[in-house]
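Listed in order, the protein sequences are those of chains A and B. When we follow the numbering used here, the leftmost residue of the first sequence carries the number 1, and every step to the right adds one. When we follow the numbering used here, the leftmost residue of the second sequence carries the number 1001, and every step to the right adds one. Here a beta-carbon is modelled for each residue, glycine too, at the ideal position from N, C-alpha and C. Note that this is a predicted model, so its numbers are computed, not measured. Written below as structure tokens is the structure these notes are about.
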Amino acid sequence: MHPAKSVIFFTTASGAGYGLLIWFALFSLLNRIPADRDFALVVLGVSFALVTAGLLSSTAHLGHPERAWRALSQWRTSWLSREGVAAILAYLPIFAYFYVWFMGVDDPDAVAAIAASAIVLALITVYCTAMIYASLKTIRAWYNRYTVIGYLIFSLMTGAVLLTFFAHLRQFDMRDEIAAAALLCLGLGLMVKQAYWRFLQASSSVSDIGTATGLGGPGRTTLLEGPHTESNYLLDEMGYRIARKHADKLRIYASVLGFVLPIALIVGAVFLSGWSEVLCALFAVAFCCTGILLERWLFFAEARHVVTLYYGEAHA
Amino acid sequence: MTSLPTSTDKKLGLVIDLDICVGCHACAVNCKEWNTSGHSAPLTDKNPYGGDPAGVWFNRIHTFEVRDEDAGSRTVHFPKSCLHCEAAPCVTVCPTGASYKREEDGIVLVNADTCIGCKLCSWACPYGAREYDESVGVMKKCTLCIDKIYNETLRPESRVPACVSTCPAGARHFGDLGDPDSEVSKLSAARGGYALMPEQDCKPVNRYLPPRPRKKAAADLGAPDRLQAKDGDLDGAGFLARLVDRVLSR
């Protein structure tokens, strides 16, 4: 599948924004967020900015961005529509949270309700994003249980790494706790991704050239002539194959940058102090972001669509 | 509304005979010709006279080689357009309701006024039936020539999709596949018509008729018996032929 930059940025940025919101809300539910207005407003602001930039970026690949509001109407059947509705609903607790911290509202029950709804709505939104891909039977690399687990864990992971940085920057007591959460997510994320890549290596679509043409299975039927000599929309969008050649290398880069280095750096941040601690946490964020962008690029570029069976592939 | 109708009054679709298709691409050309001024007009071309032309086509002809140990290889021309699926995934994934399946005849269409061009329908379709028109930023697709089949200003025999009316070999048939007594249903049943990628659970309406078993001997092709070698059988041979045969047989 063609890895559109806008969609890669959308899924990674909004995932990180929701992850950050979830951890912030969870720690505030546990009474582990210090009463620091600047800290809260910065964290909420970053979360809001990531989510909003991601959503805006997702409209960039539309043919008609000005009609994007129409996408909220078909939530009964469409995961893309559900994602849009959930994303808008998730703004309510974000705005409420801003209000609470900006005005200094001192109502523990109300704040707890806001935090809980922020967690639930953010998780639902990330789940809907994942289901857009996980519901497409045409793409074996997405139509499996790893897609939803991956999107949820990578969202929590990038959010936790971000919050770890802010906590270490301000030297809050909860910095070791969020660092532990980040390490747990990074470890889980790495395991999920490795398991996914093993799965991808071993499996292929239920469809092959035999079922696509009805003429005979792989080995018996081959494409003799395509419909035309030049490329077309289907091949540009669904037949992307640049990554395959370098997939092994890119997987290693994604694993090291997105998971292994952030783990090492966060461990470093926990045991160091002063500027080196903050720098470690900052580089953990930088590497994790780079790695997750690479991971998401591979998620698209490695995915094969069954329509390629009509263009010479024996398996999809 | 992108919920699929629970049932449709008709299941209009195509029956494509892979035994007859000669791969002339006339159906694709006439499809383009009709539809570039039809319901989804225009079918834009990008850089049509340049080195790397591309464009919107609703119908494409692929050519496959099928190997068979006994019968040898054969070439099969394989036209492919929208299969107007009963469980069309392109419709249910649409976030805006621009994609819809008509209750009256089962035709799957796109409303170009509400399509946001998110391309998700083209990802959901296993058959590559969706065509994104970059120049207008909306998705387009085969309409089964909705502006032709119901056009009362045309002669009744012309009220079939452009690809059907133009096929010089008669390899394409149009009709109601929901009616078991229709000509297309009977044809499909008689010839073992099959659906493409049934495992994708889209329940396509269009049917493909498999190539008939390969004919190798001259008689199988309908050639007159006299073209065959008839060694040892001199029935009907003239005096001179008999004499020569006798001399040479010594």
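Quick one: is residue i near chain A, going by C-beta distance under 8 Å?
| i | result |
| --- | --- |
| residue 1031 (chain B) | no |
| residue 1002 (chain B) | yes |
| residue 1020 (chain B) | no |
| residue 1199 (chain B) | yes |
| residue 1118 (chain B) | yes |
| residue 1114 (chain B) | yes |
| residue 1215 (chain B) | no |
| residue 1052 (chain B) | yes |
| residue 1108 (chain B) | no |
| residue 1128 (chain B) | yes |
Assign residue i to buried or exposed, taking buried as 16 or more other Cβ atoms, counted over all protein chains shown, within 10 Å of its Cβ.
| i | result |
| --- | --- |
| residue 1215 (chain B) | exposed |
| residue 99 (chain A) | exposed |
| residue 153 (chain A) | buried |
| residue 1204 (chain B) | buried |
| residue 1072 (chain B) | exposed |
| residue 1098 (chain B) | buried |
| residue 1244 (chain B) | exposed |
| residue 191 (chain A) | exposed |
| residue 193 (chain A) | buried |
| residue 246 (chain A) | exposed |
| residue 1075 (chain B) | exposed |
| residue 252 (chain A) | exposed |
| residue 232 (chain A) | buried |
| residue 23 (chain A) | buried |
With C-beta atoms as the reference, is residue i less than 8 Å away from residue j?
| i | j | result |
| --- | --- | --- |
| residue 269 (chain A) | residue 168 (chain A) | yes |
| residue 311 (chain A) | residue 1080 (chain B) | no |
| residue 1172 (chain B) | residue 1027 (chain B) | yes |
| residue 1187 (chain B) | residue 1015 (chain B) | yes |
| residue 266 (chain A) | residue 164 (chain A) | yes |
| residue 293 (chain A) | residue 12 (chain A) | yes |
| residue 1010 (chain B) | residue 1147 (chain B) | no |
| residue 1128 (chain B) | residue 234 (chain A) | yes |
| residue 61 (chain A) | residue 6 (chain A) | yes |
| residue 242 (chain A) | residue 301 (chain A) | yes |
| residue 151 (chain A) | residue 126 (chain A) | yes |
| residue 1065 (chain B) | residue 1162 (chain B) | no |
| residue 130 (chain A) | residue 147 (chain A) | yes |
With a CB to CB cut of under 7 Å and the five nearest residues on each side skipped, what residues in its chain are close to residue i?
| i | result |
| --- | --- |
| residue 308 (chain A) | 238, 239 and 316 |
| residue 1130 (chain B) | 1090, 1121, 1122, 1139 and 1141 |
| residue 31 (chain A) | none |
| residue 1200 (chain B) | 1126 |
| residue 254 (chain A) | 291, 294, 295 and 298 |
| residue 1023 (chain B) | 1061, 1063 and 1077 |
| residue 213 (chain A) | 221 |
| residue 71 (chain A) | 80, 81 and 84 |
| residue 143 (chain A) | 134, 136 and 137 |
Pull the bridge partners of residue i from the DSSP assignment, please.
| i | result |
| --- | --- |
| residue 236 (chain A) | Partner(s): none; residue 236 (chain A) has no beta bridge. |
| residue 1191 (chain B) | Note: residue 1191 (chain B) sits in no beta bridge, so no partner. |
| residue 1099 (chain B) | B:1110 |
| residue 1138 (chain B) | B:1133 |
| residue 1176 (chain B) | B:1012 |
| residue 1066 (chain B) | A:221 and B:1074 |
| residue 208 (chain A) | A:315 |
| residue 1055 (chain B) | B:1045 |
| residue 1209 (chain B) | B:1017 |
| residue 139 (chain A) | A:305 |
| residue 1061 (chain B) | B:1079 |
Between which residues of its own chain and residue i is the CB-CB distance below 6 Å, once the five residues before and five after are set aside?
| i | result |
| --- | --- |
| residue 111 (chain A) | 100 |
| residue 1133 (chain B) | 1044, 1056 and 1140 |
| residue 1020 (chain B) | 1169 and 1171 |
| residue 304 (chain A) | 316 |
| residue 19 (chain A) | 155, 156, 158 and 159 |
| residue 75 (chain A) | 81, 82 and 85 |
| residue 1178 (chain B) | 1010 and 1011 |
So, is the C-beta of residue i closer than 8 Å to a C-beta in chain B?
| i | result |
| --- | --- |
| residue 232 (chain A) | yes |
| residue 67 (chain A) | yes |
| residue 80 (chain A) | yes |
| residue 227 (chain A) | yes |
| residue 147 (chain A) | no |
| residue 321 (chain A) | The structure shown does not extend to residue 321 (chain A), since chain A is modelled only from 1 through 316, so no value can be given for it. |
| residue 307 (chain A) | yes |
| residue 168 (chain A) | no |
| residue 215 (chain A) | yes |
| residue 237 (chain A) | yes |
What residues in its chain sit with their C-beta under 8 Å from that of residue i, if we drop five residues either side in the sequence?
| i | result |
| --- | --- |
| residue 132 (chain A) | 79, 80 and 83 |
| residue 1068 (chain B) | 1074 and 1214 |
Answer with yes or no whether the minimum CB distance from residue i to chain C is below 8 Å.
| i | result |
| --- | --- |
| residue 138 (chain A) | The question asks about chain C, but that chain is absent: this structure's protein chains are A and B. |
Kindly examine the ligand MN and report whether one of its heavy atoms sits closer than 7 Å to the Cβ of residue i.
| i | result |
| --- | --- |
| residue 1153 (chain B) | The ligand MN is absent from the structure shown, which contains no ligand whatsoever. |
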